[in-house]
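Number 94 in my numbering belongs to position 8 of the sequence shown; there are no gaps in the numbering.
All residues carry an ideal CB built from backbone N, CA and C; glycine is no exception.
Notes follow the structure.
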Amino acid sequence: MDDSFQHLERLADELDARGLLARVVRTQSGRAFVRVINPNATTLTENVTCRAQATPAYYWWSWGERMHKADDPAGAATKVARVLAAVSE
């Protein structure tokens with residue numbers, strides 16, 4: 087298992103702990119990402135990737151912006167939770 091996949095699994099665990107629905111998905115090409123859904127507002131979703139071949143490894147937003155260092159999945163999960171929060175939350 088590659089480092090990117092392990093980073094993504096740790097992020098998914100942190101997101102689950104915050105009440106979001108998160109799972110690691112691997113595409114047919116082998117590329118993996120975390121699919122995140124706010125269960126209280128299912129239109130609020132995000133796909134987070136990880137680039138572990140760079141040093142340090144980073145999580146990336148779906149729009150291609152670097153988000154957070156991959157060695158801090160809790161910090162990254164906090165950012166994702168903030169972005170996916172419904173107005174009433």
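Using the beta-carbon count (16 or more within 10 Å), is residue i buried or exposed?
i	result
glutamate 132	buried
valine 111	exposed
valine 169	exposed
alanine 98	buried
If contacts are defined as beta-carbon pairs under 8 angstroms, then residue i and residue j qualify, I think. What distance do you get, rounded to the angstrom?
i	j	result
alanine 162	alanine 143	Actually they do not touch by this definition, with Cβ atoms about 11 angstroms apart.
tryptophan 146	valine 134	7 angstroms
Find the nearest neighbour of residue i within the set the options, judged by alpha-carbon distance.
i	options	result
alanine 138	Glu100, Leu101 and His154	His154
threonine 128	Gln92, Arg152, Gly105 and Arg96	Gly105
glycine 116	Leu170, Arg168, Trp146 and Asp88	Asp88
threonine 164	Leu94, Trp147, His93 and Leu101	Leu101
leucine 130	Val166, Phe91, Phe119 and Thr113	Val166
Could you pull out every residue in the same chain whose Cβ sits closer than 6 angstroms to the Cβ of residue i, ignoring the five residues on either side in sequence?
i	result
leucine 107	Ile123 and Pro125
arginine 96	Pro159
phenylalanine 91	Ala118
Go through the stretch 111-147 residue by residue and report every complete run of the beta strand (DSSP E) that reaches 3 residues or more, in order.
118-123, 131-137 and 144-146
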